[in-house]
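As structure tokens, the structure follows; a few thoughts come after it.
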Amino acid sequence: MTVVQVSVVIPCYNSLQFLGATLDAVLAQELTPSLQNQFEVILVDDGGSDDLSGWVQQRGDDRVRVVRQENAGVSAARNLGIASAKGAFVAFCDSDDMWNPRAMAELYSCFDADPRIGLAYGFYEVVDAAGESTGRIRKSDIQGEVWEQFLSVNPVGASGVMVRREVFDQVGVFAENRDRFRVDVEDWELWIRIAAVWRVGLTPTVVVRYRRHEGNSSTDLDSLDAAYRNMVDVVFADVDPKRAALRPLTTGKIAMILAWQSLNDAQDPQRAAVYLGEAAASAPELRRTAEFWRLRTAAAALSLAGSRGYQVLRSANGLKLKLKHKLSQ
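Residue numbering for the sequence shown is 2 to 330, as defined by the working numbering.
In structure tokens form, the structure reads like this:
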């Protein structure tokens, strides 16, 4: 009987448009002997209408199985995947993203370095709807005992992370309150819980290509605003003075995230300015950061150049990033 080391959980909801590329990338992993043929892929059908089971059956790969639930959202789907997992480690990938060829091996290797590591993650590259690089790569150097850092920044992409199975038994799984988390930021709240107890490992390489397209839940600004604020309430619900002292910085950092969303997705410089004001009021030290001034500059550019001019500037910057990325390869 084959021993499963890694269970890859992919939540799905009418996802066939991109799922083929996602699944192909997972199944084509370049693996070490210790992982070869020792992983499974769990597609969690979140009550979709696209006959996911039939599609998987046609592919005929016994490494892939489908579990189904009534529509309950991405967190509930991930949790069903965790409950169904046979592996000692559980990795996650969304149904529109694509792992790089050594993603599983790189993430898995992090746990060999330290038995106190409960979560491992890597960098992610942003691609467009067609899968073409935008030149943007999200990097981080956050690793080790990082609970306080996780309170003010989330470097972990939900499609490029692996967790020890036993961690969920200790700290719990993803929050499923859809009224409080209308957009899936509840992964950040879980990472904070994990980091409070376990160390975090990092592989300093791109492990996943994150696809930006109109269907992304993270592009809904009003829902994102509400979800982030609810997350802050959940994270700081206890009365621990040390944690409470960090709330203003977390609130300010989230306001800056929402300011970027206001500019890049909503094309609303006035709303971005409101968020910038909130960030400065909540955590005045943020005014001295380079990101704060980049945001002010971007908001001014959108106000002066308008939506079309701002997109031209973004496109030019994207081309510069693509060229820089190509030259670094």
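Note that the Cβ used here is the ideal one computed from N, Cα and C, for glycine as well.
Where does A282 land, buried or exposed, given buried means 16+ other C-beta within 10 angstroms?
exposed
My assumption, with CB atoms under 8 Å, is that G132 sits in contact with R212. Please give the rounded CB distance.
7 Å
For Q70, which option in D62, R79, D63 and A228 has the closest C-alpha, if you only look at C-alpha atoms?
R79
E286: buried (16+ other C-beta within 10 angstroms of its C-beta) or exposed?
exposed
Please return the same chain residues whose Cβ sits closer than 8 Å to the Cβ of L191, not counting the five positions on each side in sequence.
V172, G173, V174, F175 and A176
By the 10 Å Cβ neighbour count, where 16 or more other Cβ atoms means buried, how is A260 classified, buried or exposed?
So A260 counts as buried.
Buried or exposed by the 16-neighbour rule on C-beta atoms within 10 Å, applied to L225:
Classified as buried, L225 has 16 or more neighbouring CB atoms from the shown chains inside 10 Å of its CB.
By Cβ distance, which residues of its chain are closer than 7 Å to Y109, with the 5 residues on each side in sequence left out?
V7, L36, F90 and M163
Buried or exposed for N72, going by 16 or more other Cβ atoms inside 10 Å?
exposed
Straight-line Cα distance separating L247 from I255:
13 Å
Three-state secondary structure (DSSP) at E41?
strand
Would you kindly check if the distance between the Cβ of A106 and the Cβ of E187 is under 8 Å?
no
Buried or exposed: A86, going by 16 or more other Cβ atoms within 10 Å of its Cβ?
buried
Give the straight-line distance between the Cα atoms of A77 and D269, rounded to the nearest whole angstrom.
So the two alpha carbons sit approximately 33 Å from each other.
Whose C-alpha, out of F19, L24, M99 and V42, is nearest the C-alpha of V207?
Comparing Cα-Cα distances from V207 to each of F19, L24, M99 and V42, the minimum goes to M99.
Across the segment 193-209 and the segment 144-152, are there enough close Cβ pairs to call them in contact, namely three or more that are closer than 8 Å?
yes
Which first and last residues belong to the alpha helix (DSSP H) in which S35 is found?
Run containing S35: none; DSSP gives neither H nor E here.
G88 classed as buried or exposed, judged by whether at least 16 other C-beta atoms fall within 10 angstroms
buried
Beta-carbon gap between I11 and S96 smaller than 8 Å
yes
Start-to-end residues for the beta strand (DSSP E) that takes in T206
R200 to R212
Own chain residues within Cβ distance below 6 Å of P102, not counting five before or after
E31
Can you tell me whether T135 is helix, strand or coil according to DSSP?
strand
Tell me, which residues are paired with E31 by DSSP?
E31 is not bridged to any residue.
DSSP state of K325, grouped into three classes?
Model confidence at K325 stands at a pLDDT of 41, short of 50, so the residue's coordinates are unreliable; what they give is reported in the following sentence. Three-state DSSP puts K325 in a helix.
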